[in-house]
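According to this note's numbering, the residues represented by the sequence shown are -16 to 94, in order. Cβ coordinates follow ideal geometry from the N, Cα and C atoms, glycine included.
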Amino acid sequence: VTMGGVGTGDLYVGTGGQRRDYTLELVVAGLAKVDQRKIDYGEAPKTLVDAQAATKAKKLNIWSIEEKKEEVKESSQSEKEEELKVQLSEIRSGNHFFFHVVGDEANKVME
């Protein structure tokens, strides 16, 4: 369980022959959903994806609430690109480096 209260991974109840997949039961009941990233990357089990699709079609529990679709805001003319001069201060690896903006007053505060 993450700090935000999100459960990740498999959840089983019982032991031995009475062990059952509680994750599947939650998805079938419409009380949980499969992470979309797992579905996109093909990492989610087919049984969970199929169960979610069936539950979504029946509009059970969490799927009974219609999701508001956010409109994608097209870039407006008021947003403009700005060119800045930067000075590299340290390169640690190919994708990890530090820089500061030339002429920025914040740099003087740190010195």
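> Residue ranges of each alpha helix (DSSP H) run of no fewer than 4 residues wholly in the segment 29 to 92, ordered along the chain?
Replying inline: The segment 29 to 92 is shown to contain whole alpha helix (DSSP H) runs of 4 or more residues at 29 to 41, in chain order.
>> Restricting to Cα atoms, I'd like to know which of E73, K68, S76 and N78 is closest to G86.
In response: The residue you call residue 86 lines up with position 103 of the sequence shown. Among E73, K68, S76 and N78, the Cα nearest to that of G86 is on K68.
> With respect to the alpha helix (DSSP H) encompassing V11, which residues constitute its N-terminal and C-terminal limits?
Replying inline: Here residue 11 refers to the residue found at position 28 when the sequence shown is read from its first residue. Unbroken alpha helix (DSSP H) run through V11: Y5 to V11.
>> Bridge partners for V(-4) per DSSP, in chain order?
In response: Position 13 of the sequence shown, counted from the first residue, corresponds to residue -4. Answer is R3, bridged to V(-4).
> Pick from A15, G(-1) and G0: whose alpha carbon is nearest that of D(-7)?
Replying inline: For the purposes of this step, residue -7 is taken as the residue at position 10 of the sequence shown. Of the candidates A15, G(-1) and G0, the one whose C-alpha sits nearest the C-alpha of D(-7) is A15.
> In chain order, what residues of the same chain have a beta carbon less than 8 Å from the beta carbon of R3, not counting five sequence neighbours either side?
Replying inline: Numbered from 1 along the sequence shown, position 20 holds the residue referred to as residue 3. Y(-5), V(-4) and G(-3), listed in sequence order.
> Where does the unbroken alpha helix (DSSP H) through K16 begin, and where does it stop?
Replying inline: Along the sequence shown, read from residue 1 onward, the residue named residue 16 stands at position 33. Here K16 belongs to no alpha helix (DSSP H), and DSSP marks it neither H nor E.
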